[in-house]
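Here the sequence shown stands for residues 0 to 228, where the numbers follow numbering that gives the first Met the number 0.
Cβ coordinates follow ideal geometry from the N, Cα and C atoms, glycine included.
Since the structure comes first, as structure tokens, the remarks are kept for the end.
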Amino acid sequence: MAGNRLVPRAEADPDLESKVTFRTHSPARELMRADTVSSAGDSGPLWRVIHGVLRLDQPTLDGTSAASMVRLALPGDLLGLEALFAEPYRLNVVALTAARVEPVDPAVCTDREAWLREGLEQLQRRSFEMTALRTGPVPDRLQRLLRLLGHPDLAGCSVEHAEAVRSTLPRLRELAEVVDAKPETVCRALGRLLPQRQGRRGPVPSQERWTGFPAARKWWPTMVTAQAT
């Protein structure tokens, strides 16, 4: 496996220290949802997640299909352990929620063994979490994910609180991918967990949108009147 060859290669490289420590001034990054921190094949610093949740994806070998999600990264986690050994990143890292990541000062990375040990312990925890997120009833999986996203107490929450939570969540497709379920199943489970205001409707289509279709011109006024009432 790729991860098993990190330490031997590092120990065999006499110029490793200079390769690692040349990246000394990477700025902290504030991320919006879906922003990319790094892509597989890039080189960069070791990062620490300060807040928010990120997803780590493994790209396909041929690059013709979507990357597969490997695990999540939560506050306190390290990203890009490959940087300790002057190797390129192996995974794509994308913000699942708004997040902040900060580079770890290479000057404190002198004990690479300790940093690697922390990273491996972190990897084990996140692997256990991913198993829990993808087994059992979908509502239970979704609740576990919402807890990881910082929303632990949703039972009996008000509509106002539910709508505030909804505004911070990843897209439905992303939630479904994390918990390994169909989007429509997740949508139903989310509807039971987060109540919505009764009678909410989407926007009325504009007249310009509909009158481009000859058949629609006949019933457009009727539709507008019905929506208004």
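The stretch 31–82 is shown to contain whole beta strand (DSSP E) runs of 3 or more residues at 35–37, 46–50, 53–57 and 67–72, in chain order.
With distances taken between CA atoms, valine 158 lies nearest to Gln195 out of Gln195, Lys181 and Arg111.
In summary, methionine 31 is exposed, with fewer than 16 beta-carbon neighbours lying within 10 Å of its beta-carbon over all protein chains present.
Check the Cα spacing between leucine 144 and each of Leu55, Asp34, Arg116 and Glu173: the tightest is with Glu173.
Comparing alpha-carbon positions, the option among Arg187, Ser38 and Leu78 lying closest to valine 52 turns out to be Leu78. In this structure, the CA atom of proline 44 is about 9 Å from the CA atom of leucine 80. Here the stretch 81–92 makes no contact with the stretch 129–139; the two share fewer than three CB pairs at distances below 8 Å. Beyond the five residues adjoining it in sequence on each side, threonine 184 comes within less than 8 Å, by CB distance, of Val137 and Ala175 in the same chain, given in chain order. In the DSSP assignment, glutamate 29 is bridged to Arg99. Cβ-Cβ distances below 7 Å link arginine 165 to Leu193 in the same chain, with the five nearest sequence neighbours on each side left out; the list follows chain order. Burial check for proline 169: the Cβ neighbour count within 10 Å reaches 16 or more, so the residue is buried. Checking the DSSP bridge columns, you'll see valine 92 partnered with Ser37 and Leu55. By the C-beta density criterion, arginine 187 is exposed, having fewer than 16 other C-beta atoms within 10 angstroms.
Exposure of leucine 60 is indicated by the presence of fewer than 16 other C-beta atoms within 10 angstroms of its C-beta. Distance from the Cα of valine 69 is smallest, within the candidate group Ala97, Ala163 and Met129, for Met129.
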